[in-house]
Amino acid sequence: MNFGYTEEEEKYRKRLNEFLDEHMTEEIARQNWEDLGVGPEAREFSKKLYENGFLGLPWPKEYGGGGLSPTYDFILIDELGKRWGAHVPLDVGYTMTGHTILRRGSEEMKKEFIPRIIRGEIEFGLGYTEPNAGSDLGAMMMKAEDMGDYFLINGQKTFNTESHYADYHWLAARTELDPSKPKYKGISLFIVDQRAEGIDIRPMITMSDERTNEVYYDDVKVPKSRLVGEKNKGFYYIMEAIDSERNHVFVPARLWPIVDEMITYVKETSFQGKPLAADPDVQAKIAQMAIELEVAQMLADNARWLELNELPMTMEPEITKVMISELEQRMVDDAMQILGLYGQLDEKSKWTPLRGRIEWFYLHSFMPTIGAGTSEIGRNVIAQRGLGLPRG
Amino acid sequence: MDFNFTDEQKMLRDSARGFCEKMSPMGYVLEMEKSEKGYTPELWNAMVELGWMGLIIPEEYGGVGMGFMDLIVLLEEMGRMCVPGPFFSTVILGGYTLLTGGSEEQKNEYLPRIAAGELVFSFAYTEPGMIKFDPSHVTVTAKAEGESFVIDGTKLFVSDANVADFIIVSARTSGEANDKKGISLFLVDAKDPGISITQLSTLAGDKQCEVVFKGVTVPKANLIGALDDGWSVMEKVMLYASVGKCAEMVGGSMRVLDLVLDYCHQRVQFGKPIGVFQAVQHHCANMAINLQGSKFITYKAAWMLDEGMPATRICASAKAWVSEAYKRFVILGHQVFAGTGFMVEHEMPMYSRRARAAELAFGDAPYYRKVVAQDLKLG
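These protein sequence lines map, in sequence, to chains A and B. For the first sequence, the working numbering gives the first residue as 3, with consecutive numbering after it. For the second sequence, the working numbering gives the first residue as 18, with consecutive numbering after it.
This is the structure in structure tokens:
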């Protein structure tokens, strides 16, 4: 066993951190997180990441990548996460859809999209969930009719988080309309210009003040060349991508800022003449955060290692997802308890500690146990796919 | 990064698994819990035959010269079948104490005999006054008299002292009860007439003892490490011991999960195997999460120790987390087995009793959270 990084990888991490020291601001970090949404600063930062040689290292050389190990992207995501950055600014394209294009897209599609994804120029919005297709994604009803030269798409999506700033919609829609056919075998994936005629995007605001969207399609025409891979295979493409996506999206490093901020706070804040850091209860809470993050990191490292070596993943990325999403809730609870009355103040208030970041994290922490599959669906996957228990 | 065991480690695991299943079935384990000695010479001798006593002892001292990660493989398998006996006390506590702090003479004298399975060691470091776990709480005294030290006082919760040939004891040679400086380690003949040993009756049926020292005289040559600096040796040994204990817990978890999954397929209620029910599936999923987390944090800690990296925080994190994960784990196991697992002749209680004992051994979760907090420069 070996849990270290190579000398080259460590050199890359060092160079990256020097770059981030200079260019990464909290504004950009928060645009990377959904709470502010990607704006001009994050887009500019995305281009700088590429220009300075930090984007695309593991991607194939023929499309402008570096042809190296995916470890480099994991290091990039980890280091951004440690600075409240969560992920690369245009992360749906870079960590999710881009990989499916590489796996399943036509040569023409790869040439059109991959170089721009690597250069940090374009973003996709995920178009999966519908009002009646949440955990049961196969129940989606959005309709894509094959009109010979193009597909004609009608219907409604919901919780499409990136659509208001994304350039493209990564849309799953039903292409097999015969209800007697199995529902999983009738879905296809499309790349749609997010600003195409007939698309209406309406904001939905979350409790943590993040924007997500309803997206309506009214007779939207999509060229045949924008069908990803084969018709009616979309559901399987979504499923085959899910493990790698979890490995890239559910990253323990992004919770380290909570620990770092809390350590600073308890050292600088005193009660009855003693720093909070000397309080055994406070010590135990912060130590437990660090311990659990260490465990979560090992779970993530194991799942990444399987991916890097193209070994089968059954439950490993799901275990990471369930663990760190629930860990976020425990951490935030402990952090809020340490902050006491002050923990309820938001960033706009007088007297707010830690710029209101913990208060925001509390609101945000209800999402990861739901988004991208609830913890309950996750546990079904672990039990059935991982442990071989029968489906009910 | 590489999460694979080496081929050699895989072979070691396979042979250890077969051996432990054959030599230490439940009936044997329960019988040994009740016995005075706690194990049989047949088991011990068979382990000696396999070279396990010398696994981590360098070849120059008659051992096999393998690393801590190799030992982890073995401890996992032993924990999986709850293999009884003084292996841990002898090889990990005795072995690593001598390897870390022993003089060349001491190593030459004792390590080959440990490797040959001729000696049983016990490590006496906990005391009646240790209401909260803190190995720096040492009140047993060792006073210099001429060329000897005279040891007086009581140690408690001393594993395997009842069968030990030698006891390594932490004693105060200067300073106050909780000073880290002023603790010294001595190697004492367990058969010394000044030593009286009383077995305690424990939850897990393991052999823990009260050891009373009355005017026990040991020659200065039996000091392990420097005078007043036994702590630096103990601290290192505690890292190996706590991670080794984690490996036993991981092994126990692996076994319980196997048993639980079998039961999920076999037990039928409402006309279906209970494994189809989501409430049961979620218990199993939670067990898997606890097991995977326990495994990898244990391996990471063992790897860092083997690599000679600063390992205090990772070892403390491992012992804190695995101890609590294992407790959660056995509670879930009991829920799946329900009434049948509550019976004394079922395997489940063997593991749930050991989960408690394992948390307490070498420091519980609250203790190791304090260690992590210190490492984070809090307080």
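All C-beta atoms, glycine included, are put in the ideal place defined by N, C-alpha and C. Keep in mind that this is a model prediction, so the values were computed, not measured.
Close to residue 337 of chain B, with beta-carbon spacing below 7 Å, are these residues of chain A in chain order: 293. In the same chain as residue 107 of chain A, and ignoring 5 residues on each side of it, the C-beta atoms closer than 7 Å to its own belong to 230 and 231, in chain order. Counting the other Cβ atoms within 10 Å of the Cβ of residue 283 of chain B gives fewer than 16, which makes it exposed. Residue range 100 to 106 is occupied by the alpha helix (DSSP H) that includes residue 100 of chain A.
When the five nearest sequence neighbours on each side are left out, no beta carbon in the same chain lies closer than 6 Å to the beta carbon of residue 387 of chain B.
Neighbours of residue 340 of chain B in chain A, taken as residues whose beta carbon is under 9 Å from its own, are absent, since the nearest beta carbon is some 11 Å off.
By the Cβ criterion, the region 26 to 46 of chain B is not in contact with the region 196 to 204 of chain B, since fewer than three pairs of Cβ atoms, one from each stretch, lie closer than 8 Å. Here residue 253 of chain A is not near residue 374 of chain A, since their CB atoms are 8 Å or more apart. At a Cβ-Cβ threshold of 8 Å, residue 326 of chain B and residue 46 of chain B do not count as neighbours. Assignment of residue 133 of chain B by DSSP, reduced to helix, strand and coil, places it in the coil class.
Looking at the DSSP output, residue 158 of chain A sits in a beta bridge with A:218. Within the region 72 to 146 of chain B, the beta strand (DSSP E) runs of at least 3 residues that lie entirely inside it are, in chain order, 138 to 141. Here residue 307 of chain B has 342, 345 and 346 as same chain residues with Cβ atoms under 6 Å from its own Cβ, once five neighbours each way along the sequence are excluded. If only uninterrupted alpha helix (DSSP H) runs of at least 4 residues are considered, those enclosed by the region 270 to 314 of chain A are 282 to 310. Taking a contact as a CB-CB distance under 8 Å, the pair residue 273 of chain B and residue 350 of chain B counts as one, their CB atoms being some 5 Å apart. Three or more beta-carbon pairs separated by less than 8 Å are not found between the region 157 to 164 of chain B and the region 81 to 92 of chain B, which leaves the two stretches without contact. For the C-beta of residue 86 of chain B, the chain A residues within less than 8 Å are, from N- to C-terminus, 3. Contact between the region 331 to 338 of chain B and the region 36 to 50 of chain B is absent: fewer than three C-beta pairs spanning the two stretches fall below 8 Å. Straight across, the Cα-Cα distance linking residue 362 of chain B with residue 295 of chain B is about 28 Å.
For residue 152 of chain A, the pairing in a beta bridge is given by DSSP as A:225. In the DSSP annotation of this structure, the continuous segment of the alpha helix (DSSP H) that includes residue 310 of chain B starts and ends at 295 to 323.
Using a CB distance cut-off of 8 Å, residue 195 of chain B does not count as an interface residue toward chain A.
Nearest to residue 102 of chain B by C-alpha distance, out of B:123, B:125, B:72 and B:65, is B:65. Within the region 280 to 307 of chain B, contact with chain A at the beta-carbon level (separation under 9 Å) is assigned to 281, 282, 289, 290, 292, 293, 294, 295, 297, 298, 299, 300, 301, 302, 303, 304, 305 and 306.
Note on residue 287 of chain B: under 16 other CB atoms within 10 angstroms of its CB, so exposed under the neighbour-count rule. At least 8 Å separates the CB of residue 273 of chain B from every CB of chain A.
When secondary structure is reduced to three states using DSSP, residue 60 of chain A falls in the coil class, being assigned neither helix nor strand. Not one beta carbon of chain B lies nearer than 8 Å to the beta carbon of residue 245 of chain A. Taking 8 Å as the threshold, the shortest C-beta distance from residue 157 of chain B to chain A does not fall below it.
By the neighbour-count criterion, in which a residue is buried when 16 or more other Cβ atoms sit within 10 angstroms of its Cβ, residue 148 of chain B is exposed.
In this structure the region 147 to 163 of chain A touches the region 215 to 234 of chain A; the number of beta carbon pairs closer than 8 Å is three or more. With a cut-off of 8 Å on Cβ pairs, the region 169 to 187 of chain B is in contact with the region 226 to 240 of chain B, counting three or more such pairs. Any Cβ of chain A closer than 8 Å to the Cβ of residue 352 of chain B would place that residue at the interface, and such an atom is absent.
When C-beta atoms of the region 174 to 185 of chain A are compared with those of the region 124 to 141 of chain A, three or more pairs fall below 8 Å, so the two segments count as touching.
Contact check for residue 334 of chain A and residue 377 of chain A: beta-carbon distance about 16 Å, past the 8 Å limit, so the pair fails to qualify.
Closest by C-alpha distance to residue 292 of chain A, out of B:393, B:369, B:289 and B:317, is B:393.
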